[in-house]
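Everything below concerns the one structure shown next.
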Amino acid sequence: MQLRSRAWRDGELIASDFDLSELDGYLADASVLTWLDVCDPHGSVIVKLAEELQLDPHAVEDAIAPRERAKVTRHATHTFFTCYSAELGENAAGLPELTTGRISAFVMMNGLITVRVARGTAIDMDVVLQRWEEGGLLGHGVGALVHGLLDVLVDGHFDAVQVMDDKLEEVEDLLFADAVQTREVQQRVFALRKALVRLRRAVLPMREVVAGVMRERLTGHWQPSRELDGEFNDLYDHVLRASEWTESLRDMVASVFETNLSLQDARLNMIMKKLASWGAIIAVPTAVTGWFGQNLPYWGFSDSWGLWQSVVLIVVGTVGLYWLFRRNDWL
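Under full-length UniProt numbering, think of the first position of the sequence shown as 1, with each following residue one higher.
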């Protein structure tokens with residue numbers, strides 16, 4: 001288990017990584033903005049925090065339970081939300097693979113407690129801290145902490161969507177390449193479809209999370225700051241854009257999959273046409289030599305011109321069929 005903490009007064013840092021026993025004192029001071037991060041919490045620690053801060057037991061259970069869905073809920077003393085980060089990389093085989101990380105938060109009047117369970121990709125809180133300190137919004141209360149956290153997650157969603165878009169363009173290039181790479185295309189399309197399913201589970205629920213946070217910011221337990229209205233509206237706009245882009249990627253992946261199948265059918269038809277054409281061409285000398293190879297007298301039997309007659313028939317027949325098939329684009 002790892003604990004990190006910060007305390008600010010009027011936007012200035014006054015305490016860092018303080019002892020857990022000092023948390024109550026900072027939270028009780030209305031002029032202090034407090035943040036505590038708990039990574040991979042032990043059961044006893046999270047239970048102790050829940051008792052001291054009067055956290056709802058259902059929210060605590062949701063914060064540490066695996067595969068919990070993204071959501072926002074209001075409780076008697078706090079607002080709780082949980083959401084997911086997303087990062088698109090490559091596995092050992094060089095195929096696209098999406099990894100996700102989950103973070104839950106308890107929002108109080110002047111404090112934010114985040115709980116991270118290190119399954120998948122652990123969310124880097126250093127980036128979040130940097131966003132808080134560089135944003136210049138810490139003087140506007142706990143809403144600044146919530147906004148900075150969600151903003152980092154949404155930016156990560158945008159990056160993952162952008163990378164997936166680039167991966168799709170690479171697959172499109174492979175589809176129409178001169179050298180057919182059917183197996184590689186199939187593997188990449190399957191990996192992209194699998195990654196997209198997980199990406200939609202992380203990105204799409206963020207609309208509900210951000211909308212719920214904006215609603216709770218005005219009507220919930222934490223002190224609203226009108227100066228953050230524009231920041232949250234911009235955040236919600238980014239969430240909508242990421243969601244719409246993700247939905248368009250779903251259509252693009254389906255289109256690439258269907259195009260791949262269509263191209264395979266077209267290539268199969270072309271191969272069948274070529275095989276049928278060559279079979280017809282080969283049938284000409286087979287038929288001629290079969291006729292002249294009979295042990296029966298025929299026109300030109302035992303004469304040299306009979307041999308030349310069969311040669312001419314073979315050459316004219318095969319060349320004629322080859323020219324006819326080439327003209328009709330069968331070869």
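C-beta: ideal position from N, C-alpha, C; glycine also.
Query - Proximity of Leu192 and Leu145 at Cβ, strictly below 7 Å - result: no
Query raised in the report: Is DSSP giving Thr77 helix, strand or coil here?
Result: coil
Query raised in the report: To which residues does DSSP link Ile103 through a beta bridge?
Result: Its beta-bridge partners are Cys83 and Arg116.
Query raised in the report: Taking Asp151 as the reference, which of Asp173, Met206 and Arg200 has the closest Cα?
Result: Met206
Report task. To the nearest angstrom, report how far apart Glu231 and Glu216 are at their CA atoms. Result -> In this structure, the alpha-carbon of Glu231 lies about 15 Å from that of Glu216.
Requested in this report: Pull up the distance between the alpha-carbon of Val32 and that of Arg188, whole angstroms please.
Outcome: 51 Å
Query raised in the report: What number of angstroms, rounded off, separates the C-alpha of Val117 from the C-alpha of Glu172?
Result: 37 Å
Query raised in the report: On the three-state DSSP scale, how would you describe Pro96?
Result: In this structure, Pro96 counts as strand in the three-state DSSP scheme.
**Report entry** Run of the beta strand (DSSP E) containing Ala195, from where it starts to where it stops
**Finding:** For Ala195, no beta strand (DSSP E) segment is defined; the enclosing uninterrupted segment is the alpha helix (DSSP H) at Thr182 to Val203.
Query raised in the report: Lys71 bridges to which residues according to DSSP?
Result: Checking the DSSP bridge columns, you'll see Lys71 partnered with Thr82.
Query raised in the report: Name the DSSP beta bridge partners of Cys8, please?
Result: It is Trp, not Cys, that sits at residue 8 in the sequence shown. Leu13 and Leu33.
Query raised in the report: Sorted by chain position, which residues of the same chain lie with C-beta nearer than 6 Å to Asp24's C-beta, five sequence neighbours on each side aside?
Result: none
Requested in this report: Work out the CA separation of Val127 and Leu168 for me, nearest whole Å.
Outcome: Cα to Cα, Leu168 sits roughly 28 Å from Val127.
Query raised in the report: When the Cα atoms are used, what is the spatial distance from Ala195 to Glu97?
Result: 6 Å
Query raised in the report: Looking at C-beta atoms only, is the number of pairs between the segment 42-50 and the segment 74-82 that lie closer than 8 Å three or more?
Result: no
Query - Between the CA atoms of Thr82 and Val107 - distance to the nearest angstrom - result: 11 Å
Query - Assigned exposure category for Asn233 - 16 Cβ within 10 Å defines buried - result: exposed
**Report entry** Three-state class that DSSP yields for Gly136 in the structure shown
**Finding:** In the structure shown, Gly136 adopts coil according to DSSP, grouped into three states.
Query raised in the report: Near Asp178, which residues of its chain fall below 6 Å by C-beta distance, leaving aside the five closest residues on each side in sequence?
Result: So the list is empty, once near-sequence residues are dropped.
Requested in this report: Take Thr286 as the anchor and find which of Val311, Asp265, Arg201 and Ala266 has the nearest alpha-carbon.
Outcome: Val311
Query raised in the report: Nearest to Asp237 by CA position, among Ser255, Val154, Met270 and Leu218, is which residue?
Result: From the listed residues Ser255, Val154, Met270 and Leu218, the smallest Cα separation to Asp237 is found for Val154.
Query - Asp19 versus Leu129 - alpha carbon distance - result: One C-alpha to the other measures close to 19 Å.
Query - Three-state secondary structure assigned by DSSP to Gln162 - result: helix
Query - Residues of its chain near Asp17, where Cβ-Cβ distance is below 7 Å and the 5 sequence neighbours each way are ignored - result: Arg4 and Ser5
Query raised in the report: When the Cα of Gly141 is compared with those of Thr289, Asp10 and Arg67, which residue comes out closest?
Result: Asp10
Query raised in the report: Is it right to say Ala202 is buried, meaning 16 or more other beta carbons lie within 10 angstroms of its own, or is it exposed?
Result: buried
Requested in this report: Taking Met108 as part of the alpha helix (DSSP H), name the residues at either end of that continuous run.
Outcome: Per DSSP, Met108 lies in no alpha helix (DSSP H) segment and is marked neither H nor E.
Query raised in the report: Do the CB positions of Val38 and Val115 come within less than 7 Å of each other?
Result: yes
Report task. Return the Cβ separation of Ser248 and Phe325 in integer angstroms, given the expectation that the two are a contact with Cβ distance under 8 Å. Result -> About 43 Å separates the two Cβ atoms, so there is no contact after all.
Report task. Assign Ser104 to buried or exposed, taking buried as 16 or more other Cβ atoms, counted over all protein chains shown, within 10 Å of its Cβ. Result -> buried
Query - Presumed contact (8 Å Cβ cut-off) between Ser243 and Leu199, rounded CB distance - result: With 8 Å as the limit, Ser243 and Leu199 do not qualify as a contact, their Cβ atoms being about 11 Å apart.
Query raised in the report: Which of helix, strand or coil does DSSP assign to Leu261?
Result: helix
Query raised in the report: So which of Gly148, Leu138, His58 and Val163 has the shortest CA-CA distance to Glu87?
Result: Val163
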